[in-house]
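Structure, as structure tokens:
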């Protein structure tokens, strides 16, 4: 049986695109498929130029595939729809397996709309192999846990949920080669929306999962894997050493939602990464996400000493009322304490506040804004909450009729240019006023306009900027800039532990006048994305 795995485009462009997080979910699925002995090929659409339909057709023309696998999250509906429709048009008619959050969160809705042949729900490493064997042997699909499909009567069948994998060490390491990881690494640049990339001129960045699941239950988060499970650090560092040796990795991003849950484990990680650095002869810098309710001076000092350069925090709100509503197990005092202790330890903070929770009021929003103004411009982003499919917030919006058409919402209203009034206590007019104030506050983000920009090659520049905090002139080399006139990205200062934005002069004018042009800009983005989706 011949299998084709398609990595979806992570940007609305027909050009090559490398500024994305490598799809760990697909790499794990690929690894188990290979281990099971199946013949599998790959089509990473991000690394090719052309329309999706043309690229898919060309690949399907090259070999007679029996199965096509792909997957994504809900915001990728338009891309997945293009892929599935392109496969269905092909004369070879391979069966389509769709996985990921897009099918797991709204199974009936998405299956009826996109019409794959099979869906793999939740964790897929065991499920995909059982499904492939069942298809190959024409077995009873009802005996495969964790899938969905249509029976001979056109009825959607959702089988018993697959039990979570208890021993994460039993899962093969991600298969990177097939999906084009070396090409991805070779095209990484300094300028990116993830600040950790800006710490190095030539990053070779690797994402790794040391655990799965989360012990918390925040209302805005989709929990595909409820139970928190850990890999052993022996297994984790075997993977890190393997990829470091093979790909010359110099930067790690720990994707765990809850990396600081076990203090002793975190300290052991720090010890091991220092030992690895000594062994390989250079420092691997790393980034992780922690919770402010379990950090202290000693822990942060050890993190810094082991090469941790950036810590991500989910602050979400400075109001205790909103934090409680969100089911965030932290307090405003812990936010303030954790923020200053992290900066004081010489580690940059990457955090955000999100407005619009059900408990949000003018007063709670003011608490957050006032703290941000005094303490965190540049370090903490300001955004509005998004009701992702599968989250408690999304389900509430559906129940209350705030989201009236779920499919239309997923297809057309989920991107970040759209907002909903999900509060119990604010009128639409008050929400609009709050949105305008937050947009206006963006001009107060810590920023710098380059004093010098030198072209290195097509769309790649070296940039000199003055840090707005320490006032040092920093050179960031190998910055990918698609539009020299209108660009923005944030960086971490290499001299002090602060984050700030780099704006082109034109972009700064736009930010300064954001509220005046937001209606035009919002309409432009909607129209642009609508057009791009048609021409992918």
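Numbering (the numbering used here), first residue to last: 292 to 827.
We put the beta carbon where it would ideally sit given N, CA and C, even for glycine.
Since this is a predicted model, take the numbers as computed values, not measurements.
- Shortest Cα-Cα distance from residue 553 to any of 521, 359 and 756 involves 521.
- For residue 676, the CB contacts under 8 Å within the same chain, skipping 5 residues up- and downstream, are 511, 645, 646, 647, 648, 684 and 713 in chain order.
- Nearest to residue 624 by alpha-carbon distance, out of 636, 609 and 763, is 609.
- Judged by DSSP in its simplified three-state form, residue 470 adopts coil rather than helix or strand.
- Counting other Cβ atoms within 10 Å of its Cβ, residue 466 reaches 16 or more and is therefore classed as buried.
- Sorting 727, 329 and 757 by C-alpha distance to the C-alpha of residue 737 places 757 at the top.
- The Cβ-Cβ distance between residue 346 and residue 381 does not fall below 8 Å.
- About 6 Å separates the Cβ atoms of residue 447 and residue 399, confirming a contact at the 8 Å cut-off.
- Shown here, residue 389 sits in a strand according to DSSP, grouped into three states.
- Inter-residue distance for residue 524 and residue 728 is about 46 Å (C-alpha atoms, whole angstroms).
- Counting only runs of 4+ residues, the alpha helix (DSSP H) found wholly inside the stretch 527–593 occupies 554–571, in chain order.
- Residue 540 and residue 496 have their C-alpha atoms roughly 6 Å apart.
- Look at the beta carbons and you see the stretch 610–629 touching the stretch 654–669: at least three pairs across the two are nearer than 8 Å.
- Spatial neighbours of residue 601 in its own chain (CB-CB distance under 7 Å, excluding positions within 5 residues in sequence) are listed in chain order as 486, 487, 578, 638, 639, 641 and 783.
- With respect to residue 299, residue 374 sits close: the two C-beta atoms are nearer than 8 Å.
- Spatial neighbours of residue 743 in its own chain (CB-CB distance under 6 Å, excluding positions within 5 residues in sequence) are listed in chain order as 755.
- Take the alpha-carbon of residue 452 and the one of residue 316: they are about 18 Å apart.
- For residue 360, the beta-bridge partners assigned by DSSP are 296 and 388.
- Here the stretch 713–725 does not lie against the stretch 744–752, with fewer than 3 beta-carbon pairs under 8 Å apart.
- In this structure residue 309 touches residue 478 by the C-beta definition: roughly 4 Å separates them, less than 8 Å.
- Apart from sequence neighbours up to five positions away, the residues of its chain that approach residue 598 with a beta-carbon distance below 7 Å are 564, 568, 574, 575, 576 and 577, ordered along the chain.
- Shown here, residue 598 sits in coil according to DSSP, grouped into three states, outside any helix or strand.
- Per the DSSP secondary-structure output, residue 668 pairs in a beta bridge with 671.
- The DSSP-derived three-state label of residue 621 is coil.
- Between the stretch 351–371 and the stretch 386–394, the count of Cβ pairs shorter than 8 Å is three or higher; the stretches touch.
- Linking residue 618 to residue 509 through their CA atoms gives a straight-line distance of about 5 Å.
- Taken in chain order, the complete beta strand (DSSP E) segments of 3 residues or longer contained in the stretch 693–766 are 743–748 and 751–757.
- By the C-beta density criterion, residue 688 is buried, having at least 16 other C-beta atoms within 10 angstroms.
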